[in-house]
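Visitor: This note's numbering puts the sequence shown at residues 7 to 327.
Glycine included, each C-beta is placed from N, C-alpha and C at the ideal position.
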Amino acid sequence: MIKKIKSFAAGLSVSFFAATSLFSAECIAPANPGGGWDFTCRTITKIMYDIGAYDSPIQVTNMAGGGGGLAYGHVVNERNTDDNLIVAASSATATRLAQNAYSGMTYDQVRFLGAIGADPGVIVVAADSPYKNLNDLLDAVIADPANHAFAGGSAAGGFDHLKVLMALGKKGFTDIAKVKYIGVDGDADAITQTVGGFTAAMTGDISGVVGFIKSGDVRVLASFTDERIPGFEDIPTAKEQGIDVVAVNWRGLYTPKGASDASYKKWTEALRKVGDSAEWKKAMEANGLAPFNKVGPNFQDYVVGVMAEVQALSKELGVMK
């Protein structure tokens, strides 16, 4: 019988259904149904079972709260040795850990399994903008930061904001506190700010701007990817334009730190098989994701590197001490 339990963290409470004998394993999505973490859990675990990478169906549990912090605390404090638990994660997870947004919890309290797809970061301007490429825009901002603002779907100091600062940093610009950023509720609102002329550009992810690209309201100056985005091959990468920044909202998983090495190996192999499958490639195309395949211990190293950059920028912004 499914057992209802309650978990409390950071002043938040949530009721959810724990894994039972009906399922041999569980994937926690640290958000409500319908979001990116929910997509990660549901799609990856379904494909794992469908292609035989995992031998039984995997239960998905939604545990929203604290921007992923509630689930993180639950795993660290209550499920640390659970071999049969995986948790959806993304660039937002790493950013919040780097900024100490999870009440003193750290990245090394879990083990990151890997990521097998990403929502590519982009810089977008209105269709009638005078800026034709990324360098045009960045040079204008550097010359007169007070008269150029960016809009993004994350709060100030969040990942959308940091993408812009990383790009400006590659141009040698270090006075990042002068860069104006308006955090709004999602990519659609950020686009509205830019198309309406309130900001010079929008920073977000490709999935949030596809409709505006098709309608002709915007022009994408660059994607922050290693290669051009499948289906959007006319969009140049920042790297092609001399700005060596890769900033994607990766879709991946972590597992409890105290789980066995055997379970970590089993989960990484299963995730790798999903990433190599035709079923996952179809899911990526249907959801605007780009290839991004880092699975195993090297992914933990990647996360640590990204977090170090996020921390440095966040301290300069005053987001953290």
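Beta-carbon separation of A162 and V301 under 9 Å?
Guide: Contact check for A162 against V301 fails: the beta carbons are separated by 9 Å or more.
Visitor: On a CA-only basis, which of L76, F204, M326, E322 is nearest D181? Give me that one, please.
Guide: E322
Visitor: Is the Cβ-Cβ distance between M111 and L319 less than 9 Å?
Guide: no
Visitor: Report the partner residues of L171 according to the DSSP bridge assignment.
Guide: According to DSSP, which records beta bridges pairwise, L171 is partnered with nothing at all.
Visitor: Can you have a look at T87 and say buried or exposed, based on whether 16 or more other CB atoms are within 10 angstroms of its CB?
Guide: Burial check for T87: the Cβ neighbour count within 10 Å stays below 16, so the residue is exposed.
Visitor: Classify F156 as buried or exposed, calling it buried when 16 or more other Cβ atoms lie within 10 Å of its own Cβ.
Guide: buried
Visitor: Label D44 either buried or exposed according to how many other C-beta atoms from any shown protein chain fall within 10 Å of its C-beta, with 16 as the threshold for buried.
Guide: Buried, by the Cβ-count rule.
Visitor: Counting pairs of beta carbons, one from the region 269–285 and one from the region 131–146, are three or more of them closer than 8 Å?
Guide: no
Visitor: Label F204 either buried or exposed according to how many other C-beta atoms from any shown protein chain fall within 10 Å of its C-beta, with 16 as the threshold for buried.
Guide: Looking at its Cβ environment, which holds fewer than 16 other Cβ atoms inside 10 Å, F204 is exposed.
Visitor: Distance, Cα to Cα, V309 vs K263?
Guide: 15 Å
Visitor: Can P36 and Y78 be called in contact, C-beta distance under 9 Å?
Guide: yes
Visitor: How far does the alpha helix (DSSP H) with Q65 in it extend, from its first residue to its last?
Guide: Unbroken run through Q65 is the beta strand (DSSP E), 64–68; no alpha helix (DSSP H).
Visitor: Express the C-alpha separation of H80 and S283 in angstroms, rounding to a whole number.
Guide: 31 Å
Visitor: Please work out which residues of its chain come closer than 6 Å, Cβ to Cβ, to D89, disregarding the five sequence neighbours upstream and downstream, and give them in chain order.
Guide: A265, S266, S269
Visitor: Once the 5 residues before and after A253 are set aside, which same chain residues still bring their CB inside 7 Å of it?
Guide: G127, K169, M172, F230
Visitor: Which first and last residues belong to the alpha helix (DSSP H) in which I219 is found?
Guide: Its alpha helix (DSSP H) spans residues 216–221.
Visitor: Please report the distance separating the alpha-carbon of K245 from that of G175.
Guide: 14 Å
Visitor: Tell me which residue opens and which closes the beta strand (DSSP E) that S229 is part of.
Guide: 224–229
Visitor: Does the beta-carbon of A31 have 16 or more other beta-carbons within 10 angstroms, so that it is buried, or is it exposed?
Guide: buried
Visitor: Output the distance between the C-alpha atoms of V201 and V82, rounded to the nearest integer angstrom.
Guide: 43 Å
Visitor: G75 and A107: beta carbons closer than 9 Å?
Guide: yes
Visitor: Between T243, I219, A183, which lies nearest to I197 when the distance is taken from Cα to Cα?
Guide: I219
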